[in-house]
Each structure stands twice: as C-alpha cells, then as structure tokens.
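Q: Can you keep this structure in mind? I'll have questions shortly.
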Amino acid sequence: IVRTATGEFWLSDEYGPSIMKVSPDGKILARYVPQGTASPNAGYPEFDTLPGILARRADNRGMESLAISPDGQTLFAAMQSPLSVPTLAAGNISRSARIIAFNTQTGQPEAEYVYGMEIVNSFDRRVGGDQSEMKISGMSWYGPNELLVDERTDNVARLYRITIDPSRNILGGQFDDPKTSPSLEQSLPA
8 IVRTATGEFW LSDEYGPSIM KVSPDGKILA RYVPQGTASP NAGYPEFDTL
58 PGILARRADN RGMESLAISP DGQTLFAAMQ SPLSVPTLAA GNISRSARII
108 AFNTQTGQPE AEYVYGMEIV NSFDRRVGGD QSEMKISGMS WYGPNELLVD
158 ERTDNVARLY RITIDPSRNI LGGQFDDPKT SPSLEQSLPA
C-alpha cells in the first residue's frame, strides 16, 4: 500500500493480481487487472490494462509490493515470484520476477522490467535448494530510476538497491506472450 500526497491510496493484490486506487475514505475508485480478466460485475470501475501474462502468477504469489515516485506519476508494482510460464514447475525454479511501471494518471502500464532474484542455495541453505522460497516482499522508491527491494525467504531477508534501466523495458514484447519458448521464466535473469 502507498499513500499519495492527496490522501488517496494505491493497493496491490496478490490474488488478482491487481492494482487498486482507493479514496481516503476507503472507496475503490478503480481496479486494474490483467488483460482478459476484468469482471463486468465488480461493483466498481475495473480496467484490464495490465499485461495478460500476469494472470499466470502462482497461487498467493501475485503483486506483493508497491513503490511510488515522489511526483506520484509512476507506481512500481512487483510480482512476488516468477510467473508460472509455461508451467508452475518452470516458475518454481525461475529467478526472473517482473516489475511493472504504471502511470497513475492514465491507468496504463508504461514499462515492464525483469528482476533477477538471488540463487536460493547461497541466500538461505535452510530451504533445501527450493528456489520457489525466494520472494519479493517489499519495495520502496530510492531515487531517480532506483528502487529498494526486499527479497526474502521465511528465514532470511535482504534489502537491495536496484537501478531501473529504461532501455531494458520488455512491455508488450515476446516475453508478454505465453507462447514464447523458452519463456522469460525459463531464461536466466538479465
């Protein structure tokens, strides 16, 4: 959850996965979901503007954290874990998580970046080599094109400062197509 200068809130939802804009009094003003997943009976404005491939998240591993730029124009939303593309097994061993840069004024994603997660064997030996135990659990704005990312297992947490490189934007490219083989999740992180 992040709060804007005007008192509104942005929330992420790991089950949707989705991003919601909420008024200071708790009313959902808009919900943004992956393409093809909008519900006509949501009871509030719902827009399917996020990349459709995000719907391929593993259960309970959707959008886990948000960060907002100081001007309030850009919201960064991180998927907690790699997507299940083409299969859950591929996602469970992948190190490639996704971060979406979202324009808060237009309700459209502006960019999608690959976050290369740590190798679990050197991060936390207590999980027996299970790469799916690696998660992004928090994120914060640090500076122009920089974010702080909290990467963790249940036993260990570490904070990383990352640089967002606009030239590495994959939004709308081959890795947003679930038919791409090998998928992003089957490739090593950039």
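When we follow the working numbering, the leftmost residue of the sequence shown carries the number 8, and every step to the right adds one.
Ideal Cβ positions, reconstructed from N, Cα and C, are used throughout, including at glycine.
(1) Can you confirm whether the stretch 51-68 touches the stretch 181-189 when touching is taken to mean that 3 or more C-beta pairs between the two stretches lie within less than 8 Å?
(2) Of the choices Leu195, Leu191 and Gln42, whose alpha-carbon is the least far from that of Gly180?
(3) So Pro31 packs on Glu21, CB below 8 Å; how close in whole Å?
(4) Do Leu200 and Arg102 have their C-beta atoms closer together than 8 Å?
(5) With Ser129 as the anchor, note down where its alpha helix (DSSP H) starts and where it stops.
(6) How is the alpha helix (DSSP H) around Asn99 delimited, first residue to last?
(7) Under 8 Å: do the stretch 65-74 and the stretch 142-149 share three or more Cβ pairs, one atom per stretch?
A: Put simply:
(1) They touch, by the three-pair rule.
(2) Counting from 1 along the sequence shown, the entry for residue 180 is found at position 173. When Leu195, Leu191 and Gln42 are compared, the shortest CA-CA separation from Gly180 is found for Leu191.
(3) Counting from one through the sequence shown, the residue named residue 31 turns up at place 24. Counting from one through the sequence shown, the residue named residue 21 turns up at place 14. Between Glu21 and Pro31 the Cβ distance is about 24 Å, and since that is not below 8 Å, they are no contact.
(4) Residue 200 falls outside the range modelled here, since the chain spans only 8 to 197, and no answer is possible.
(5) In the sequence shown, the residue the question calls residue 129 occupies position 122. Ser129 -> alpha helix (DSSP H) spans Val127 to Phe130.
(6) The sequence position of residue 99 within the sequence shown is 92, counting from 1. For Asn99, the enclosing alpha helix (DSSP H) stretches over residues Leu95 to Ile100.
(7) yes
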